[in-house]
C-alpha cells in the first residue's frame, strides 16, 4: 500500500523498472522526430513571448525531464506552447520592457509562481476546479488566442514593428506601419508562409506518391518547418539579407543553461501572481485535454491531480534552468504519440536531443530570419482557429452560444485573461440563472403505466382535486421564492384542488432556505385546507428532511412513488365518499 | 391594458380613487402611532450614521411619500433603519470626516446612487438577483450587524469616544478608553437601557393588568423610547447635565428640509458606487422580506420588481431633501400593520407627522442626551441578534452552516460589505461544488411496482447485464467529466454489463460540454459492445437532444419510462436466447 502511494506521486516508478529494449527503440525514434519538430517551435514561441531564442530551448530541456518523473501521461510532450507564450508576453510586458534583464527575470519568476501554484493545487487535490472551464469557453478562448497570435506575428513577416495587446490595437498599429514594410523581409516571409501552408496538406500526399508509407510520409511532413529554416538561413547567409533590413535571430549562446535561483522581487511577485494563476489553469486544462484524448486511445488513464504535480514540477524546473512557463502541447504530443512513443522516456530523450542542439547547432541559427519563425507560428496557430463552435452552440442552446461569443469577443478586444475570466463568469452566471428559474410541469398518469408525465406533452390521466407537480431542479436559495410563487399561482387558478403532491425526482438537494419556503407553503396550503405531499424523495434528501420539524408539520405524506401516492389519495376519497367513484378524466 | 400598465408603475392609482372615510380613520390612527415611534428612531439612526439628527427626520418625510406612490406593499414603513445606517456610516466614513460638510454631502450622494441603482434594477426587472442572498447569509449578516451596532453604541452610554469598523477594533478602542467613562452619562444611559429592556417584555402585561386591551397595551408599549426621551431630556435640563460632560443632541434647525440637488463630485461618486450597490441590495432584501410577510397575512401581494422602483424613488427623494439612504424597516412596519394601517396613505400621514415635529418640536430636543438615543438603538438591534441559526444549520447541512458562519465571522471581523460578499460567494461556491460532484445511484425495480430505486437502500430487482444508473443532477460543464469517469468505473467493475440505461429524471439540462461527454461515453461503450440508453428524458431536454447528431450516433434507445426500457431489453434478450429465461436476482 505504501509503495502504491509512493508510485502515485512518482509515476516514473510504474514503468522504469521493467523498461525493455523494444520500448527503448520506439521511444528513441519518437524522440528524434519530436526534437526536429521542437527546435523551430522552441525558437518561435520564445520569439512570441518576447524572449531570447535560447530560452525557448532551455524551456524544452529540464521541464521535459521533470514531467517524465511526475506526470501521468505516457505520451504528452511538454514544453513551450503558443497560448502560454502569448499569455507570458502579456503578463511580463506589463512590468518590464521587452529585451531588458528584468523582462527575462520576470519570465523566470512567472514560471516559478505558476509551477508553485500548480504544485499547490495538486497537493490540495483541486484538479476538479478545471471542470469549471466549459467546452464553449475553452473553444472561444483558443480560437481568439489563435487569431491574436497570428496577427501579432504579421509584423515579422512585413519587417515592421507594431504591438498591442488586443486585436484592435494590433490592427491599428499594423496599418500605421504598413508603409514601412521591408520588401526583403516580405520576400522571405511570404514564400515560407506559402510553403508551410502547402506542407500541411500537400507534402504528405506527394511523399506517398513517391512511394513512402502513410505513417512515414506523415512524419516526414512534420519536418516542413525545419526545411524552411534551413532554406531561409542559407538564403540569408548567401545574400547577406541582414544588411537589407531582414531581422535575423543573431548569436545564440551555445551550451546548456546554468542552474539558478529565480530572483524573488516582492513587488513583481505580487503583480505576476494573478497572471501566473491564469497561465497555470489554462495550461493545465489544455494539457489535460490532450492527455485524456491520447490516453483514451490506448486505454490508459491520466490522473488530473497528479498531472498538476507533473506540470508544476515542469514549470519549477523551467524557472531554475532559464526557461519560461511550459505545458503539454497538442500538435507535438500527437506527433510523439503517432511516432510510437511508449513511455515518458521519449520526453527525456527529446530533452537530450534539444541539449545536443543547444551545445552544437546554435551557431548555424545566427542567420535564421525571424520572419521564418513567425511564419511557423502563424501556420501552427491558424489550425487552432475554428469558428464552427459558434454555429454549433447557436443551434444547440443560447446559453452555450453566449458563453462562446463572450469569451471570443472579450479575448479579442480585451486580452486573454479578461476573456477567460468573463467566459467563466458568464457560463456560471447563466447556469445559476437557469437553476434559479426552474422548469416545473403539472404531470398526470401515462395510461397503462405507473409513469407520470407533463400534461402539456402527453395524453395523461389527471384528477381534479390532486395537483401533481414535478419540480425540475434542486430546491435551493436561488429558486426557493420562485417555486413558492409558482405553486400559489397554480392553486389560485384551480379552486378544486385539495391535494398538492410535489414529485421530487429532480430534487437532489433541499437547503435551509428552501426548507423555510416548504414550511411556508405547507402553512399556507393548510390554511386553505389543502394537503401538501411529497413523492419520490431521494435517499440523501429524505435522510436530511427526517431530521427536521418540517416533517412533523407536514399536512400530508411522503410517498415512495408518485403513483402509490395518487392511488392512496384516491382510495381515501372513495372511502370518505362511501363508494363514490373518483372524478377523473383523460 | 394600458391603464393596467400605468397602474403597475404607479400602485397608488390602485387604491387612491376609491379611498374611503373608514380607511382614512384607520390610516390616520396608525400614522400617529408610527410617528411617535419614528421620531426617536430617526434621531437615533442618524446618530448611528454619524449624521446630524435633523437628517434622520428629513429621511422620514419625502421618502415615505415617494414610496406611497410607487411601492406595492400596503403597510411597509420606509425610513432610516439600523443596518443601512451602519452601512452608510462605514461607506462615507471612508471618504470624509464625520461632522464635516463633505460627510453630509457624501450621505446625500450615497442616497442618490443607491436610489438610481434600485430604479435601474427595477426597470430592468432584476429583482430576482436578490434571491442569491440565501437565508443563512441574511441571518448571519443580520446577527453580526446587530452585534457591531450594539457595541458601537456603548461609547455613547459610557460617554467616551471610540470607533472602529470591525468588532475587534471597536472592542480594543472601548477598552482603551473605558477609564475615561463619564459617570453622569452612565447614570443617564444605564437606567434608560434597563428601562427599555423592561419595556420590551414588562410594560405590555403591566398595562393589561391596568385594564387595557391586548392591542392597545401593545401599541402603548411602543411609546417606551418616547417616554425615555422625555424623562432624560427633562433630567438633562433640570440638572444641567451638559455642564457635567453629558453629550446632548443640541440645537436642531427647525423647519422643513430645503430641496436641493446633491453635488455630483466625480471622485466621490466612484468611491461610493460599490457601497451604494451593497446598501441597495441589503436594503431591498430586508424590505421585501418584511413586505412579503405582512402581505401574506392579509392575502395581498407585493411585486419585487416594482418594490425596487418604490425603494429607488424613496432614496432619490431622500437625496433631494437632505436625507440619507432608507428602506423598509421591520419593527416599524409591524407596528404600522398592527395599528391598522390599510393603505400607503398611512405613510403619507406619517410623513406629515414627522414634518410637524420638525416644524414645532425640535427646540424640545436640544437637551436630549445622546446616551438615550444609543440605548434605543442597542435595545432595537439586540432583538436582531439570533445565534440559533448556527445550531439549526449545523444540524441541517454543513453547507448551510458554512454559509452562516462565514458571513457571521467575516462581517464581525472585516465589516458588513465583506461579510455579505463572502457569504454570497461561499454559498454559491458550495452549491456549485455540490452540483459538480453529483450523487449517482444504481437502481433496481421495487417489486410489485414500476418504480426504480437505489439498490443500496431498497430491496429491488436487478439484472446482471443491465446497469440502471440514475444521475442526480443536470449534466453541465462542471460535472460532465466527473460523471463520465464514474460510468467507466462502474463498467470496469462488472464485465457482464451489456446495456447501460441512464435514468434522466433529475437531468434538467444537458449543455454542450455534457453533450460532448455523452458522445464519448457512447463511443467508448460501443467499442466495448455495450449499448447506451437514456430513459425518462424530460420534454425540454429531449427537444434539444433531438436536434443533435448524438441521437444518430446513440447505440441504444431513449425510453419513455425506465421500466418500459428494462422490459424491452429483457424481451429482446429472451428472444435472442430463444426462450431462455432472463437472469435476475432480488
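Residue numbers (full-length UniProt numbering), protein chains in the order written: chain A, 1 to 586; chain B, 1 to 586.
No residue lacks a Cβ here, since even glycine has one placed at the ideal position from N, Cα and C.
So, using beta-carbon positions, are residue i and residue j closer together than 7 Å?
i                      : j                      : result
residue 156 of chain B : residue 314 of chain B : no
residue 455 of chain B : residue 442 of chain B : yes
residue 68 of chain B  : residue 309 of chain B : no
residue 84 of chain B  : residue 262 of chain B : no
residue 550 of chain A : residue 515 of chain A : yes
residue 106 of chain A : residue 268 of chain A : yes
residue 554 of chain B : residue 522 of chain B : yes
residue 379 of chain A : residue 203 of chain A : no
Within 10 Å of its beta-carbon, does residue i have 16 or more other beta-carbons around it, so buried, or fewer, so exposed?
i                      : result
residue 98 of chain B  : exposed
residue 436 of chain A : buried
residue 299 of chain A : exposed
residue 344 of chain B : buried
residue 360 of chain B : exposed
residue 182 of chain A : buried
residue 17 of chain A  : exposed
residue 453 of chain A : buried
residue 579 of chain B : Annotation note: pLDDT 49 at residue 579 of chain B (below 50); position unreliable, no value reported.
residue 495 of chain A : exposed
residue 568 of chain A : exposed
residue 101 of chain B : exposed
Could you compute how far the alpha carbon of residue i sits from the alpha carbon of residue j?
i                      : j                      : result
residue 336 of chain A : residue 132 of chain B : 48 Å
residue 121 of chain A : residue 445 of chain A : 50 Å
residue 19 of chain B  : residue 303 of chain B : 22 Å
residue 10 of chain B  : residue 70 of chain B  : 5 Å
residue 233 of chain A : residue 242 of chain A : 11 Å
residue 111 of chain A : residue 476 of chain A : 41 Å
residue 45 of chain B  : residue 27 of chain B  : 25 Å
residue 369 of chain A : residue 220 of chain A : 23 Å
residue 581 of chain A : residue 465 of chain A : In this prediction, residue 581 of chain A scores a pLDDT of 49, lower than 50, which makes its location untrustworthy; the coordinate-derived value is nonetheless stated afterwards. If you take the alpha carbons of residue 581 of chain A and residue 465 of chain A, they lie about 13 Å apart.
residue 507 of chain A : residue 432 of chain B : 15 Å
residue 412 of chain A : residue 274 of chain A : 20 Å
residue 109 of chain A : residue 168 of chain A : 30 Å
residue 185 of chain B : residue 49 of chain B  : 21 Å
residue 333 of chain B : residue 393 of chain B : 28 Å
residue 95 of chain B  : residue 272 of chain B : 9 Å
residue 311 of chain A : residue 381 of chain B : 53 Å
Quick one, which of the options has its alpha-carbon nearest residue i's?
i                      : options                       : result
residue 407 of chain B : B:206, B:453, B:134 and B:466 : B:134
residue 7 of chain A   : A:72, A:296, A:260 and A:415  : A:72
residue 257 of chain A : A:61, A:192 and A:544         : A:61
residue 462 of chain B : B:451, B:471 and B:472        : B:451
residue 129 of chain B : A:478, A:426, A:501 and A:284 : A:478
residue 520 of chain A : B:574, B:296, B:330 and B:434 : B:296
residue 398 of chain B : B:40, B:427, B:566 and B:187  : B:427
residue 395 of chain B : A:358, A:545, A:534 and A:320 : A:545
residue 449 of chain B : A:560, A:47 and A:178         : A:560
residue 504 of chain A : A:511, A:279, A:469 and A:141 : A:469
residue 354 of chain B : B:116, B:293 and B:35         : B:35
residue 245 of chain B : B:512, B:76, B:29 and B:371   : B:371
residue 75 of chain B  : B:328, B:576 and B:513        : B:328
residue 363 of chain A : A:249, A:194, A:198 and A:125 : A:249
residue 414 of chain B : B:141, B:57, B:64 and B:117   : B:141
Taking Cβ-Cβ distances shorter than 9 Å, what residues in chain D pair up with residue i?
i                      : result
residue 454 of chain B : You won't find chain D in this structure, because its protein chains are A and B.
Exercise. What are the residues of the stretch 114–146 of chain B that lie near chain A, defined by any Cβ-Cβ distance shorter than 7 Å?
Worked result: 128, 131, 132, 134, 135 and 136
Problem set entry | Interfacial residues, the stretch 179–198 of chain A to chain B, with Cβ spacing under 7 Å | none
Exercise. Got a sec: which bits of the stretch 209–241 of chain A sit with their beta carbon under 9 Å from any beta carbon on chain B, in order along the chain?
Worked result: none
For this session: Closer than 8 Å, Cβ to Cβ, to anything on chain B: give me those residues from the stretch 320–334 of chain A, in chain order.
Result: none
For this session: Pull out every residue of the stretch 467–489 of chain A whose Cβ sits closer than 8 Å to any Cβ of chain B, in chain order.
Result: 472, 473, 474, 476, 477, 478, 479, 480, 481 and 482
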